[in-house]
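In this note's numbering, the protein residues as written are 563 to 893. The beta carbon of each residue, even a glycine, is placed where N, CA and C say it ideally should be.
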């Protein structure tokens, strides 16, 4: 469906320019931030290539320790796990010709990783915007996928409801961009994105409870999906609460924020795969309903229409049978 494409195109063409202008306008006020959120009694004053830091938060990892060109080396490096997994999902989606909503969701996932790497690598205000704003944009597309899970492209008379979702998504993205680019509200952003993520998880679980989505393999993936975000959150909290001890008392810092990135990346991967699986089952179910409308109705068995492949321990929806069916129809 082209709705998610429209959302991303408008956001990317108008918002990025706006953020760049606003970032330059507020850069002077962020050159020596007086209220930088940090997790030690003293702010890290190490100097590197991107100094001075202009972000409103400085994470636990000591700055410019590995190299003077990367502020938080391990946090930056671990962010590329999102780029890799998002890129794989995007390439597989292109190959299997799946709906564009999932392509843009995967691409947004990868861009979140790039933005995170830019932020942790530079600790600048622009980098912080490049990290936090794509999260919101990706969640807008993610919520679009969840809300439209059971809808198929049918009559043109139904485009009004789609237009409303597009308009709301664009308006929401523009409004948040304007407010957040003027002042990086750390706590407000964290509460905001947490509500979007937790709400999305609840919605995804609710969708699974629908009979045509009720497949044991999806249930297993959802259990791992929820477990991973809990584990990632524990790493995120411990990195902040034990920061002073890990950096001063212990000689070895486990870099728990970097593990938050890696575990969170797998969590997001599983979420997209579960959504792809449920969307495939929704389409199959509605096709089954239409096919048996005037004939003797046969029960829909979702487990017969869904298969997974595993590569390096990670699941992917198997579309090979779909491609074979389409070829048979063409012939």
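Measure the beta-carbon distance from residue i to residue j and round it to whole angstroms, keeping in mind my assumption that it falls under 8 Å.
i	j	result
residue 881	residue 660	7 Å
residue 619	residue 598	7 Å
residue 747	residue 727	Contact flag wrong, Cβ pair sits at about 26 Å.
residue 602	residue 809	7 Å
residue 629	residue 695	Between residue 695 and residue 629 the Cβ distance is about 27 Å, and since that is not below 8 Å, they are no contact.
Are the Cβ atoms of residue i and residue j separated by less than 8 Å?
i	j	result
residue 608	residue 626	yes
residue 711	residue 840	yes
residue 543	residue 640	Since the first and last residues shown for the chain are 563 and 893, residue 543 lies out of range.
residue 762	residue 704	yes
residue 879	residue 835	yes
residue 756	residue 685	no
residue 503	residue 767	Any property of residue 503 remains undetermined from this structure, which presents the chain solely from 563 to 893.
Cα separation between residue i and residue j?
i	j	result
residue 805	residue 820	13 Å
residue 690	residue 852	49 Å
residue 615	residue 742	18 Å
residue 714	residue 832	23 Å
residue 781	residue 842	16 Å
residue 592	residue 680	Any answer about residue 592 is weak, because its pLDDT of 46 lies below 50 and its placement is not dependable; what the coordinates show is given next. Distance between the alpha carbons of residue 592 and residue 680: 17 Å.
residue 789	residue 732	32 Å
residue 792	residue 786	10 Å
residue 611	residue 624	15 Å
residue 876	residue 807	35 Å
residue 699	residue 671	10 Å
residue 893	residue 867	Unreliable positioning characterises residue 893 in this predicted model, as indicated by a pLDDT of 34, which lies under 50. A coordinate reading is not provided.
Does residue i come out as helix, strand or coil in the three-state DSSP assignment?
i	result
residue 673	helix
residue 696	helix
residue 846	helix
residue 871	strand
residue 611	coil
residue 804	coil
residue 598	coil
residue 879	strand
- Item | Ordered list of alpha helix (DSSP H) runs contained in the region 619-678, each at least 4 residues | 635-658
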